[in-house]
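To convert, note that position 19 of the sequence shown is 18 in numbering that gives the first Met the number 0; the numbers rise steadily by one, no gaps.
Idealized CB from N, CA, C, for every residue including glycine.
What you are looking at is a predicted structure, and each value in this text was computed from that prediction instead of being measured.
Contents: one structure, followed by commentary.
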Amino acid sequence: MKYLQKRTPEYSDTLKEDKTMDIFVCIGSACHIKGSYAVLNGLQNRVQAAGLEESVILKASFCMGECTRAVCVRVDDGPVQSVSPDTIDEFFNRVIKASGLCPANLQL
Ligand code: FES
Numbered sequence: 000m001k002y003l004q005k006r007t008p009e010y011s012d013t014l015k016e017d018k019t020m021d022i023f024v025c026i027g028s029a030c031h032i033k034g035s036y037a038v039l040n041g042l043q044n045r046v047q048a049a050g051l052e053e054s055v056i057l058k059a060s061f062c063m064g065e066c067t068r069a070v071c072v073r074v075d076d077g078p079v080q081s082v083s084p085d086t087i088d089e090f091f092n093r094v095i096k097a098s099g100l101c102p103a104n105l106q107l
């Protein structure tokens, strides 16, 4: 998989050459109980509000094997991250906004 030049230190490997990002949200039992549906919907709403439906692809995933970190989210081939319904905005800003995909004047 080819990647663009580094944009941010933490997410330098997340944006593929075709300028898309796949975000997997675990919907396994532990993550479901901790709010995976709310996380998936919250991310979907923010992606739509930012007009990024073509470049940020949200996908449900089976158990990622790190149930104690529920709700588990993975960006492309990156590490599993823990996101809760309360930290959706932080995740969106840190990962999606920082990737450079969002318009510079985006206000959410
Ligand atoms: S149920 Fe989500 S990581 Fe196991």
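### Query
To the nearest whole angstrom, what separates the beta carbons of Asp75 and Met20, a pair I think is in contact under 8 Å?
6 Å
### Message
Just to confirm my understanding: we take Met63, look at its own chain, exclude 5 residues before and 5 after, and list those with CB closer than 6 Å. What are they?
### Response
Sequence-distant Cβ neighbours of Met63 in its own chain, meaning closer than 6 Å and more than five residues away, are Cys25, Cys71 and Val79.
### Every unbroken beta strand (DSSP E) within the stretch 40–80, with a cutoff of 3 residues, ordered by chain
55–60 and 71–74
### Query
Which term fits Gly27, buried or exposed, when burial requires 16 or more other beta carbons within 10 angstroms of its beta carbon?
buried
### Query
Out of Gly41, Ile32, Lys33 and Tyr36, which has the shortest C-alpha to C-alpha gap to Asn92?
Gly41
### Task
For the alpha helix (DSSP H) containing Ile95, list its first residue and its last residue.
It is not in any alpha helix (DSSP H) - Ile95 carries neither H nor E in the DSSP assignment.
### Message
Under 6 Å: does the beta carbon of Gly27 sit that close to some heavy atom of the ligand FES?
### Response
yes
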